[in-house]
Every structure is written in structure tokens, then in C-alpha cells.
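What follows is a single structure, written as C-alpha cells, with notes after it.
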Amino acid sequence: AGKTLGFRGGKAQRSWELIQALNARESTLNALYDFRPLISPEGWLPPVIDEAQDVAHITPDQIRTSSRVWTIIRPERFVSNPPGWRDWLLRGLSTTATPGTEGSVVPEDSVQRKVWETALRQGWQEGRQNADLTLEANQKTLTRDYRGMMLYSLLWRQGMITRPDVSDQMQTVTGDGKKLVTGDRVRRLKNHAEFNLQKSHWRPLIGTEGGSR
């Protein structure tokens, strides 16, 4: 009980410290991770593309190597507002230690109190470490997603991947007897972005075999 209580308190404390440090770097982070130019005129955020180089797949009777492998790890999606770095970095960083039933446990004597306090301190340190690990994982995901969206834009300009197919339906009047809607506009993602396997359609802007991005 003491360890669980300490873990929550330690993580909340460290999360608060980390959030303060991030807010102090707000202008820098806003410049580094500006998603506004990436949003399409139709309002969708690009898919996230992962790139791997010099990939080898080995089985007992075969070795298959690839110079580069691109994978869509997250499809495009509509957004009402441009996302920001906080949508990634603050995930899992709660500054509130919500108590559970362990908060009602009271040591009955000095021996139990000593054990409880030791567990509390250990949990506190583990909670702080968990907050650090959470932010580290969030940072990796943010960097991966932002670079992956930038990579999509590059591959699209090279003709190596398609744009999603968006339907746009405009209805002058919709509703029923109890609700009236005018100017109702609906956009849907009919088909997601896909890689173009026809190499003859590619328009290389840079070398795709070892060139820099």
C-alpha cells in the first residue's frame, strides 16, 4: 500500500516538474514541431511513414535484403485544429495523485510504520523514474510521427505515394421535423494514401538509393 501511494505521489511530483520544464521551452518546441503546414486544404493530417534502411530478413534457406523499406504506421486523419507537441509529450504525465484504497491503510505499530515508510520512499523514487521514462517514450513517438508526416510529403512529391481520396458532399438543407440544418457539408476519407508501386510514375527529387532526405 505504501509503495503504491508513493509511486503515485512521486510520479505526480516529477510530472509537474517535467511539465514546467517543457512549458519553459514552449517557443522552441512550437518552432520544432509545427504541424500547421502539414495539414491539407481538406483538413487531414498526413499519414506517418516509417523508413528503415539496409533491412535483412534471414531464414534457414533464404536471405532477403532491402536497401530501404517504407511503411505506413498510422493513416491520415481529419483534425479540427492543428495538433501540438503537448498532444504527444504530456500523455501519461498526470500531476494529480488520485488516492485509492491504499490511502486508508494506517500502520498499527512502529514496525509496520517503518516498513510502510520504506515502501513509500521506494515507490516515490520509482514513480519519479516512471515519469521520466514516460516523457522519453513520448518524445520518441513525437519525433517519429512528425518526421513520418514530413516524409509522407516528400514521398508524395516524388510520386511514390498517393494522396487520400476525399469526398465532399454539400447539402443545402438537412434535418427533420425537430431539427433544421442549412449548409450541411460532409467530407469523408474514401480511400487512404497508398504507396505507388509503378516506379515509372515516380518523380525523384533526390536519390532514393542512399540519398539524404
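Last residue of the sequence shown: number 225 in our numbering, and the count goes up by one each step with no gaps.
Backbone N, C-alpha and C fix where the C-beta goes; we use that ideal spot for every residue, glycine too.
Residues of the same chain with a CB within less than 6 Å of the CB of glutamate 138, apart from the 5 flanking positions on each side, are Phe19 in chain order. Secondary structure at glutamate 206: coil, using DSSP grouped into helix, strand and coil.
Here the stretch 21-40 makes contact with the stretch 139-147; the two share three or more CB pairs at distances below 8 Å. Taking all protein chains in view, the Cβ of glycine 55 is surrounded by fewer than 16 other Cβ atoms within 10 Å, so the residue is classified as exposed.
Per the coordinates, the alpha-carbon of valine 127 lies some 28 Å from the alpha-carbon of threonine 146. Taken in chain order, the stretch 87-172 contains no complete beta strand (DSSP E) segment of 3 residues or longer. Straight through space, the alpha carbons of phenylalanine 90 and proline 53 are spaced by roughly 11 Å. DSSP places isoleucine 31 inside the alpha helix (DSSP H), whose first and last residues are 14-36. Taking the C-beta atoms as reference points, leucine 217 is found nearer than 8 Å to glutamine 170. Shown here, arginine 48 sits in a helix according to DSSP, grouped into three states. Taking aspartate 177 as reference, the option from Asp66, Arg199, Thr194, Gly160 with the minimal CA-CA separation is Arg199. Three or more pairs of CB atoms, one per stretch, sit closer than 8 Å, so the stretch 78-89 contacts the stretch 56-68. Around the C-beta of glycine 195, fewer than 16 other C-beta atoms lie within 10 Å, and the residue is accordingly described as exposed.
By the neighbour-count criterion, in which 16 or more other beta carbons inside 10 Å mark a residue as buried, isoleucine 75 falls on the exposed side. In the DSSP assignment, the residues bridged to isoleucine 84 are Ile61.
A straight-line Cα-Cα distance of about 6 Å links tryptophan 214 and methionine 172. The beta carbon of glutamate 206 lies closer than 6 Å to those of Thr174 in the same chain, with the five residues before and after it left out.
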